[in-house]
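These protein sequences, in sequence, are chains X and S. Position one of the first sequence corresponds to residue 1 (UniProt numbering), numbered consecutively onward. Position one of the second sequence corresponds to residue 1 (UniProt numbering), numbered consecutively onward. Note that the Cβ used here is the ideal one computed from N, Cα and C, for glycine as well. All of these numbers come straight from a predicted model, not from anything done at the bench. Notes for the one structure printed next.
Number of protein chains: 2
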Amino acid sequence: MKYLFSIFFVFAAGLLHAQSVQSPSKKIELNFKLVGNGQVSYTANYNGKPVILESTLGIKLKEKQALDANFEILSSKVTTFNESWKPVLGQKANILNQYNELTISLKQKETNVKMNIIFKVYDEGVAFRYDFPQQENLNYFIISDEVSQFNLTEDYKAFWIPGDFDSNEYVYNETKLSEIDNSKLDLNNGIGVKSIPSKYAVQSPLMMKSPTGLYVNIFEAAVVNYPVMHLNLNVANFKLSSQLVPNAIGDKAYLQTPCVSPWRTIMISDDARDIVGSQMILNLNEPCEIEDVSYIKPTKYVGIWWEMHVGKSTWDLSGTQDASQKSAGKKPHGATTENTKRYIDFAAKNGFDGVLVEGWNTGWEDWFGNWKEEVFDFTTPYADFNIAEVAAYAKEKNVKMIMHHETSGSVANYERHLDRAFDLMKKYDYPAVKSGYVGKIIPRGEFHDGQTMVNHFNFVARRAADYKIMINSHESSRPTGYSRTYPNYIAAEAARGNEFNAWSVGNPPSHETILPFTRLLGGPMDYTPGIFEIKMSYYDKSKKEQVHTTLTKQLALYVTMYSPLQMAADLLENYEKRADAFQFIKDVALDWDDTKILEAEPGDYVTIARKTKGKESWFLGAITDENARKSEIKLDFLTKGQKYKAIIYEDAKDADWKNNPMAYKIKTVEVTSKSKINLVLAPGGGTAISFEPIK
Amino acid sequence: MKYLFSIFFVFAAGLLHAQSVQSPSKKIELNFKLVGNGQVSYTANYNGKPVILESTLGIKLKEKQALDANFEILSSKVTTFNESWKPVLGQKANILNQYNELTISLKQKETNVKMNIIFKVYDEGVAFRYDFPQQENLNYFIISDEVSQFNLTEDYKAFWIPGDFDSNEYVYNETKLSEIDNSKLDLNNGIGVKSIPSKYAVQSPLMMKSPTGLYVNIFEAAVVNYPVMHLNLNVANFKLSSQLVPNAIGDKAYLQTPCVSPWRTIMISDDARDIVGSQMILNLNEPCEIEDVSYIKPTKYVGIWWEMHVGKSTWDLSGTQDASQKSAGKKPHGATTENTKRYIDFAAKNGFDGVLVEGWNTGWEDWFGNWKEEVFDFTTPYADFNIAEVAAYAKEKNVKMIMHHETSGSVANYERHLDRAFDLMKKYDYPAVKSGYVGKIIPRGEFHDGQTMVNHFNFVARRAADYKIMINSHESSRPTGYSRTYPNYIAAEAARGNEFNAWSVGNPPSHETILPFTRLLGGPMDYTPGIFEIKMSYYDKSKKEQVHTTLTKQLALYVTMYSPLQMAADLLENYEKRADAFQFIKDVALDWDDTKILEAEPGDYVTIARKTKGKESWFLGAITDENARKSEIKLDFLTKGQKYKAIIYEDAKDADWKNNPMAYKIKTVEVTSKSKINLVLAPGGGTAISFEPIK
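Shown next, in the form of structure tokens:
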């Protein structure tokens with residue numbers, strides 16, 4: 001790890017009204033300027049061409065004068081930073097954090113309130129934040145609005161979902177900015193709780209592509225003690241501005257100086273791969289706060305879960321609650337001691353780390369949709385789930401149990417029980433918990449993406465760290481790199497996961513080609529890939545739902561969707577029937593020395609190769625959207641001079657996500673770094689390859 | 001304990017539109033009637049004269065049809081109930097619960113929603129509640145408003161405080177109903193957080209007296225999973241209606257059938273003593289839910305507390321936070337190990353049960369007024385408070401430590417730490433905790449008196465019961481008898497306590513003569529009496545504040561203000577200086593076999609005698625308002641044939657709360673049940689008497 005830190009300029013107050021800073025590669029330039037009546041503004045250029053036109057920044061305060069004008073510059077400072085750091089688990093063993101920084105120290109003339117704007121300019125983009133130093137004139141304050149502008153030059157194509165305060169589980173829309181309109185969406189999409197504030201509000205990260213092929217992504221990093229930022233669009237002029245998620249009484253954030261806003265990020269590149277491969281969001285977060293990270297381990301797991309999604313068993317003991325929530329007759333309860341032992345046996349036999357059991361605890365008979373406060377107590381097993389017996393059996397088989405805490409959105413209730421819930425986990429040696437937040441939030445009036453909930457999700461991670469427990473949150477606000485600081489926050493769902501394919505319109509084949517440009521920028525996603533029985537008609541002839549994929553695309557997702565926590569989501573028997581394909585899931589690594597983004601185009605395709613942490617083996621995943629695709633891949637990422645056995649899992653010739661999704665072939669070839677491989681992907685298909693060094 | 005239970009009438013649907021029921025003594029009559037368009041109404045008479053004119057009842061629902069009209073009667077039932085039960089701690093060893101009950105089963109014509117109105121008619125008043133049975137047509141529902149009317153006949157004199165959603169710490173106003181107007185109040189009264197919704201909103205309990213001398217009190221009992229009910233007044237026609245306290249988004253209550261509202265109570269008597277002596281509120285609560293009550297004990301305590309109120313020491317270690325919150329210079333921290341040991345020594349020497357220490361834990365440097373969320377963690381002692389050493393010392397001296405949890409209104413934070421806080425208490429053998437809720441509530445937007453907070457206060461009592469811990473809440477919503485169900489909820493402040501006398505306009509001499517008619521009806525109050533150094537100029541010559549009392553009135557309060565948890569609030573040295581008067585505080589009991597309300601007039605005077613639980617000793621307390629008072633008391637409550645040594649602590653001849661408050665005399669006489677005692681009370685004065693049987 002090395003630091004280079006040099007101060008370039010320090011200007012005296014009042015002498016300066018504009019300042020610029022470039023990225024290390026000089027491709028990106030950020031220009032700061034005071035305009036109009038002392039308003040803070042910036043522009044951003046890429047290769048000399050404007051990307052962000054003059055955009056102003058400001059914070060509105062409750063019961064205080066807005067911090068959006070009348071500023072004068074006290075000083076300005078440019079520094080260079082160059083570091084590399086080692087994530088506990090990650091896409092690379094060493095992450096480079098290199099940028100030039102511009103700090104503008106401001107004072108508002110009338111109020112004497114001081115505020116700094118800090119810009120960091122990376123090779124793949126710009127970040128800025130508001131910084132409120134400790135001062136006499138500003139101690140506690142309430143943000144009623146943030147007005148950060150991102151004024152684009154033209155009508156980009158955007159990959160967008162509505163700026164819903166409560167859900168990020170949407171299918172992406174691919175339209176021009178000028179065509180964005182939430183009122184035209186079909187909202188019969190399986191999402192339980194929706195709070196869309198307006199027609200032109202979209203979520204960040206917002207991935208865009210200009211008509212000339214420039215890729216721009218607006219997002220944020222280090223959302224800590226602050227609400228999520230969505231974006232409001234002016235469809236007429238392509239001006240975007242920040243939309244903070246409010247609390248129950250319309251306030252946005254409660255802060256005390258010294259404090260900072262999250263980083264607002266604008267990634268810019270003419271190569272889409274730079275966006276997918278960026279570690280900028282992680283870099284903008286604080287270093288690891290956990291001293292003993294020994295318990296934070298890559299975790300591959302199976303679990304009692306998909307069987308409820310396909311309607312084979314239920315979460316509740318009384319046998320009515322499968323994922324359809326309209327189960328006609330009584331079905332078997334999934335989380336029995338006996339069924340759990342079957343999963344433990346399977347995990348042990350196939351080298352999996354863990355077994356998740358959902359529906360193990362009382363409360364599922366009436367858990368959803370009624371804004372109910374006392375739903376679960378997180379400590380009382382159903383009568384047919386003997387937690388002590390299960391724990392002993394898992395220990396005997398050297399498998400870890402993964403806890404499940406569905407909160408039903410009743411966060412107040414969860415926090416009241418959290419210590420007891422974690423105590424139970426420690427008692428029975430559960431090292432990780434999957435949490436869920438399906439439903440309207442309690443405290444009532446709060447949204448999933450407000451400051452209260454952001455704080456809750458981060459609090460749970462910190463509290464879990466007290467117990468050396470790993471967290472995997474579902475239906476949480478989407479991560480913005482906090483897993484750098486609390487790497488026990490090992491994964492989150494926080495986007496439309498694979499489960500929607502089982503009982504809703506599902507996720508189109510392009511979905512997983514967009515997520516690496518959006519959701520995955522903030523941290524690992526528990527997407528739950530690995531579905532081998534792709535059509536739900538297998539379980540119930542009347543069902544038309546299916547996963548929008550071929551079988552080998554499900555394999556490729558283990559590589560394209562980075563997560564150190566990965567589920568093999570399908571039923572055990574479906575894996576046993578296709579042991580040859582299942583071999584890839586058994587083999588694939590979860591933690592990496594290096595990652596190469598080989599190909600990427602949002603909405604179309606992604607091809608990624610990764611080197612196993614501490615080993616010579618590599619894995620490659622390639623996926624496509626609804627279109628078939630051919631591609632020649634150079635294997636020059638492999639170690640020179642080393643021979644590898646490459647096992648290629650690919651779509652059969654006639655495979656097709658819709659008509660023939662489960663046709664695949666497996667072939668083995670010997671390759672070196674000089675080899676090339678021709679990828680042939682079916683419509684909605686994918687290829688997965690493991691490269692094992694030949695000794 | 002005996003039950004008499006007989007069904008008088010069951011009518012078939014539609015046959016009946018009116019029904020009446022009388023109290024056991026037949027003094028009070030309750031009449032139910034369907035009026036207008038199927039509206040539920042009632043009237044109440046006392047000795048044949050109307051007290052409540054036709055008043056309608058109804059519940060408004062969010063997103064559902066209001067339950068306020070179009071009802072038909074399905075059936076009606078009258079039953080008689082007669083029971084006596086033993087409170088764990090109480091004013092009497094056996095409490096009689098005797099009433100006639102009328103249940104009206106209703107169905108709304110259009111919606112088929114069923115609702116019952118249950119009336120209980122006691123000799124001292126009427127109670128009714130809404131009862132929502134489990135039914136197909138009503139499961140989860142949200143109450144947007146309750147419209148229960150209490151239409152009075154005339155312009156009563158009222159003892160009222162504003163219907164503040166956040167505070168009950170007001171001085172009572174004594175005006176006619178027609179003169180009620182919150183906008184005319186002087187709100188420079190020391191209350192930190194105020195939320196007064198309108199000019200004519202007043203709190204319940206509302207104590208009133210008619211021009212002809214009828215006493216009427218409107219209150220509620222068993223407020224569980226429901227907000228507090230205040231009252232809106234129409235000053236023109238003396239109609240009162242329910243004002244439920246809203247939550248952050250304006251909703252009142254979230255309920256699921258089967259469920260009930262709290263009881264709405266109307267106490268009526270021509271003898272004011274019946275109101276003070278009523279156990280109706282307790283009777284309307286559910287029986288004790290705690291199996292092992294052995295840890296619930298009367299607790300007399302001293303503590304590090306008043307010294308912060310008088311500005312002698314501070315809550316915070318850095319020495320800035322005394323009760324003035326504007327301490328000019330650095331003062332000593334109160335909660336040191338050494339100072340605590342001094343209190344332990346004193347408690348041990350004088351037979352006290354416990355020692356309270358406030359300011360023992362980190363966070364007090366910045367604890368108030370900023371809606372701060374993470375204020376205290378309830379587990380980290382200041383460096384100068386060695387909790388282990390203190391606990392060991394207390395154990396050695398056979399004294400119990402009393403914990404202190406100030407939440408600063410940040411309830412979300414408290415709930416996150418509650419198990420840890422209680423764990424710490426058990427570790428160090430603290431059997432009781434005083435909790436505080438000074439400040440605006442977090443979750444933000446909630447009020448102290450909303451459903452969320454009512455649930456919080458009750459939740460803390462239940463959670464404490466898990467640990468066998470007693471709770472004494474300050475700045476909570478006022479109790480409505482939940483201590484019958486959870487007797488470990490041993491006391492609460494929840495009204496303007498003695499502390500206000502130290503640093504604000506304080507409490508006028510009449511204050512303690514009103515509380516037995518209002519706040520005390522719902523349960524014990526930790527008023528913290530026993531101040532011997534009455535004028536704050538003793539500590540700081542510039543101070544004009546004082547307790548509005550004579551010294552012996554402070555003694556009398558131990559009898560007139562029932563609580564099984566009582567503080568001797570003054571500094572130890574002030575007691576040591578007046579050991580003769582202090583003897584009464586040492587002697588007085590906290591738990592009683594019997595209670596006699598000898599004299600009572602709201603705003604003027606109260607005289608109460610109580611017999612010690614399980615012993616032959618009695619104690620008498622008599623207090624007056626700003627007027628001197630003489631009274632002859634018959635001692636016929638004493639056991640016939642038994643001789644007693646009566647020690648009389650009374651105001652000296654020239655005593656006066658303002659000019660000469662600390663002048664007292666003590667005399668001893670021998671008395672029997674045939675004796676009389678002449679009470680002579682100074683302006684703002686009082687008399688305390690202990691009766692010890694002579695063997």
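Asked	Found
Minimum C-alpha distance to residue 378 of chain X - residue among X:363, X:492, X:31, X:54	X:363
Backbone CA spacing between residue 17 of chain X and residue 70 of chain X [nearest angstrom]	13 Å
Close-in-space but distant-in-sequence residues of the same chain around residue 39 of chain X (CB under 6 Å, 5 per side omitted)	56, 69
Buried or exposed by the 16-neighbour rule on C-beta atoms within 10 Å, applied to residue 553 of chain X	buried
Pairwise C-alpha distance: residue 666 of chain S and residue 270 of chain S	35 Å
Range covered by the alpha helix (DSSP H) that runs through residue 276 of chain X	272–276
Length of the line joining the Cα atoms of residue 97 of chain S and residue 282 of chain S	9 Å
Proximal residues of chain S, C-beta to C-beta of residue 416 of chain X below 9 Å	415, 416, 418, 419, 459, 463
Nearest residue (CA-CA) to residue 116 of chain X, options X:109, X:110, X:105, X:126	X:105
Sequence-distant residues of its chain with Cβ nearer than 7 Å to residue 566 of chain S (five each side left out)	300, 558, 590
Close Cβ partners of residue 292 of chain S (< 8 Å) along its chain, the five nearest in sequence each way excluded	468
Validate contact between the segment 542–552 of chain X and the segment 500–515 of chain X using beta carbons, cut 8 Å, 3 pairs	yes
Stretch-stretch touch, CB-based, cutoff 8 Å, three pairs: the segment 253–273 of chain X with the segment 131–151 of chain X	yes
Touch test, the segment 394–414 of chain S against the segment 432–440 of chain S, Cβ-Cβ under 8 Å, three pairs minimum	yes
Option in S:465, S:493, S:453 with minimal Cα separation from residue 472 of chain S	S:493
Between the CA atoms of residue 570 of chain S and residue 309 of chain S - distance to the nearest angstrom	10 Å
Min CB distance residue 10 of chain S to chain X below 8 Å	At residue 10 of chain S, the pLDDT of 47 sits below 50, so the modelled position is not reliable and the matter cannot be decided from this model.
Rounded C-alpha distance that separates residue 534 of chain S from residue 448 of chain S	31 Å
Chain S residues whose Cβ lies nearer than 9 Å to that of residue 249 of chain X	248, 249, 444, 445
One or two residues paired with residue 264 of chain X in a DSSP bridge	X:128, X:220
8 Å Cβ shell around residue 249 of chain S - same chain, five flanking residues per side excluded	445
Chain S residues whose Cβ lies nearer than 9 Å to that of residue 371 of chain X	140, 142, 254
Beta-ladder partner(s) of residue 301 of chain X, from DSSP	X:354, X:567
Simplified DSSP state of residue 381 of chain X, which is helix, strand or coil	strand
C-alpha distance - residue 126 of chain X paired with residue 34 of chain X, whole-angstrom precision	18 Å
Through-space distance from residue 120 of chain X to residue 237 of chain X, alpha-carbon basis	27 Å
C-beta atoms of residue 260 of chain S and residue 131 of chain S nearer than 8 Å	yes
The segment 79–94 of chain X contacting the segment 175–182 of chain X, beta-carbon criterion three pairs below 8 Å	no
Close beta carbons around residue 112 of chain X, own chain, < 7 Å, minus the five adjacent residues each side	137
Whether residue 230 of chain X touches residue 202 of chain X by CB criterion (8 Å)	yes
Buried or exposed (CB count within 10 angstroms, at least 16 for buried), residue 187 of chain X	exposed
Under 8 Å between C-beta atoms of residue 462 of chain X and residue 288 of chain X	no
Residue 313 of chain X classed as buried or exposed, judged by whether at least 16 other C-beta atoms fall within 10 angstroms	buried
Residue of X:650, X:692, X:637 minimising C-alpha distance to residue 676 of chain X	X:637
C-alpha distance - residue 102 of chain S paired with residue 25 of chain S, whole-angstrom precision	16 Å
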